[in-house]
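Everything in the sequence shown is counted per the numbering used here, starting at 1 for the first residue and increasing by one.
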Amino acid sequence: MPNKKYFLPIFLLYTITSSLFLIFFTLSYYKTEKDDIYKKTAYKLRAYANEIEFMLRINGSYEKILNLQNEYEINLFDIKSNRYIIKKFDKPEFKNKLYNDDRYMYYSDDIHSRKRMVELNLDIRTSSPKQSIDALFLRTSVIFVVVLLAIFIIAYFIVRLSYLPLLNQIKTLNNFITDTTHEINTPLSVILMSAEMFDKNPTKYLENIKIAAKTLSHLYSDLSLNLKNEPNHIETLNLKDILEKRIQMFELSAANKGITIISKFEDVEINTDSSKFKKIFDNLLSNAIKYAFKNSDVVVSLDSSTLSVVNHGNVIEKENLNKIYDKFSRFDTQNGGFGIGLSLVKRYCDDLGFEVYCQSANEKTEFSVKFKNNYKKLEIK
């Protein structure tokens with residue numbers, strides 16, 4: 001369940017505002033439909049009154065009116081003689097033409113027959129549309145509840161889906177800040193301690209200072225490059241010469257863990273960006289040493305189509321293979337790191353038209369960088 005401190009206010013804000021809109025539209029719909037039912041009933045009563053008036057004007061006979069088969073009851077009152085000609089019900093007192101109570105709806109109006117010689121008062125009564133209105137209320141309530149539940153369910157998933165990535169980013173940023181402090185503090189502590197102990201064993205502590213300084217330089221390089229998006233500067237490179245020089249930089253940190261770096265190189269020249277290629281290799285080799293078992297081998301191979309770096313250590317789980325190039329992704333908390341090295345590798349490989357692959361099984365992990373022969377601007381010589 002997401003952090004309630006952040007999740008609940010967003011969820012409530014979404015559901016409350018949506019519910020208020022739903023209530024407004026539901027009430028508007030109910031009122032409109034209710035008024036429409038009354039209007040239709042009133043219209044039918046007026047139409048029936050007009051029909052009676054028309055019949056009286058044609059022949060002035062009340063018998064046909066009495067014989068009308070209809071759902072309506074009528075009172076017909078002769079105003080001049082002050083007597084009822086037809087009386088089917090007791091009329092309640094009301095001033096307007098239309099009146100409605102819980103059981104009936106009434107319509108009352110004056111009509112004329114025989115060319116306005118006879119003035120009559122007509123009252124019509126029919127069943128109240130309350131039953132139809134109750135049905136409307138029930139139908140509207142059911143729709144309201146269903147839609148409200150749908151809003152809550154949709155709100156939960158929308159807020160969850162939109163909020164969790166943000167929460168993960170905040171968590172990642174917090175971890176990044178913590179890791180940054182730790183990663184920088186470790187080599188600084190080594191430098192300070194080695195400086196204090198330098199007189200006792202200058203050679204040993206000088207090497208420690210060199211390793212710590214290179215570690216800091218590597219961390220700074222990763223952080224600064226991660227914020228930049230440099231264009232390619234293409235030149236012809238001899239990869240074998242570059243790799244041999246880069247390996248020398250890592251021999252000390254490898255020896256510290258009893259790791260032997262084995263090189264298997266062919267002479268390869270390609271047109272590519274020197275800085276980005278070096279950063280690709282440095283990160284792959286640095287990771288290989290960092291995550292390798294102590295007293296094991298790291299094998300670096302180069303041929304005309306592929307650069308590969310192999311180490312022996314804990315495997316990367318299959319479900320994580322597609323995530324290792326994501327920025328700040330880390331799946332081994334014991335060895336530290338920012339989780340940006342492989343992100344840079346992937347980004348620079350994309351920039352240079354290379355393809356990077358990872359295979360991990362049986363305590364062996366291999367990263368391969370494929371030089372694409374069909375890449376027009378960076379073709380292999």
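We put the CB at the ideal spot given by N, CA and C, even for glycine.
Out of curiosity, what's the CA-to-CA distance linking residue i and residue j?
i	j	result
residue 79	residue 121	7 Å
residue 316	residue 356	15 Å
residue 212	residue 366	27 Å
residue 38	residue 159	43 Å
residue 261	residue 299	6 Å
residue 283	residue 311	13 Å
residue 294	residue 313	9 Å
residue 53	residue 155	59 Å
residue 277	residue 15	52 Å
residue 209	residue 251	15 Å
residue 107	residue 142	33 Å
residue 331	residue 215	Residue placement at residue 331 is flagged as unreliable, the pLDDT there being 48, under the threshold of 50; the coordinate-derived value follows with that caveat. Whole-angstrom Cα-Cα distance: 21 Å.
residue 370	residue 19	56 Å
At which residues does the beta strand (DSSP E) containing residue i begin and terminate?
i	result
residue 291	That residue, residue 291, is in no beta strand (DSSP E); its alpha helix (DSSP H) goes 274-291.
residue 389	Nothing about residue 389 can be read from this structure; the chain reaches only from 1 to 381.
residue 74	73-78
residue 368	364-371
residue 238	234-238
By the 10 Å Cβ neighbour count, where 16 or more other Cβ atoms means buried, how is residue i classified, buried or exposed?
i	result
residue 350	exposed
residue 362	exposed
residue 25	exposed
residue 58	exposed
residue 291	buried
residue 197	exposed
residue 125	buried
residue 187	buried
residue 253	buried
residue 279	buried
Look up residue i in the DSSP assignment and say whether it is helix, strand or coil.
i	result
residue 85	strand
residue 304	coil
residue 103	coil
residue 110	strand
residue 337	Residue placement at residue 337 is flagged as unreliable, the pLDDT there being 48, under the threshold of 50; the coordinate-derived value follows with that caveat. If DSSP states are grouped into helix, strand and coil, residue 337 belongs with coil.
residue 295	coil
residue 128	coil
residue 355	strand
residue 168	helix
residue 324	coil
Per DSSP, what are the beta-bridge partners of residue i in this structure?
i	result
residue 317	Paired residues: none, contrary to the question.
residue 309	300 and 367
residue 121	77 and 110
In the DSSP assignment, find the unbroken alpha helix (DSSP H) run with residue i in it and report its ends.
i	result
residue 345	341-352
Establish whether the CB of residue i and some CB of chain C are separated by less than 7 Å.
i	result
residue 247	Checking the listed chains, one finds no chain C in this structure; it contains a single protein chain.
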